[in-house]
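For reference, the structure is listed below as structure tokens.
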Amino acid sequence: MLRLRRARASLPPLLFSPSRPTLRDLIAKHIFLTHTTQISRRLARNLVAIRLSRRLPLRPSAETLVQRGVLPGECVPGASQSREGSAAVIVAPGLVAKKRAVERERLKDGLRRWVGGVWTGEVRERAEGVRRWEEKAGVGRVWRLKRFWERVGGRRREKKRWVRHSISRTKHG
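In terms of the working numbering, the numbers along the sequence shown are unbroken and rise by one, the last being 173.
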């Protein structure tokens, strides 16, 4: 009820405002359509429809457009086959570029994974070969440390043997 009172109070000043456009202004800007304007628009649409229906049979077939390179093969049923041999999915011409870009990225991702796997495998094989060589040659940080500690441990054993041997000589000799 309050809304109706507010509308009744605010509407008359807006209707008779000097800033309100006239009917001629609205017709000139095609905001207000007269009966004649509506009929002329309908007639223009009908003329365009008649012209299109006459020209449609003269249009080249989709297969011809594919052969000429105007239309991509993915847009025409039977013009392209998928890799598996079954019928390819028909795509709107506007989406063909996106579809190809997605397929290209999918292929790149697969190749990156494959190259990455091969590369890591080769690096692993090389590292293993170097490790084996260092182990055989006794080279490399770990193997030098190992040899050092083996020598230190070996000297202690030799000293212990020498000490035992010299003690046993003094007792017996």
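Yeah, the Cβ is synthetic: ideal placement off N, Cα and C, and Gly gets one too.
Just so you know, these numbers come straight off a predicted model, no measurement behind them.
Could you check what DSSP says for residue 130 in three-state terms: helix, strand or coil? helix
Starting from the N-terminal side, write out each stretch of the alpha helix (DSSP H) that is 4 residues or longer and does not extend beyond the region 33-75.
35-55, 62-68
- Ranges of the alpha helix (DSSP H) found wholly within the region 82-124, counting only runs of at least 4: none
Following the continuous alpha helix (DSSP H) through residue 10, name the residue where it begins and the one where it ends. 2-15
Contacting residues, own chain, Cβ-Cβ under 8 Å from residue 55 (five flanking each side not counted)
Its chain contains no residue whose beta carbon lies nearer than 8 Å to that of residue 55 once the 5 sequence neighbours on both sides are disregarded.
Worksheet item: For residue 77 versus residue 68, is the C-beta distance shorter than 9 Å?
Response: no
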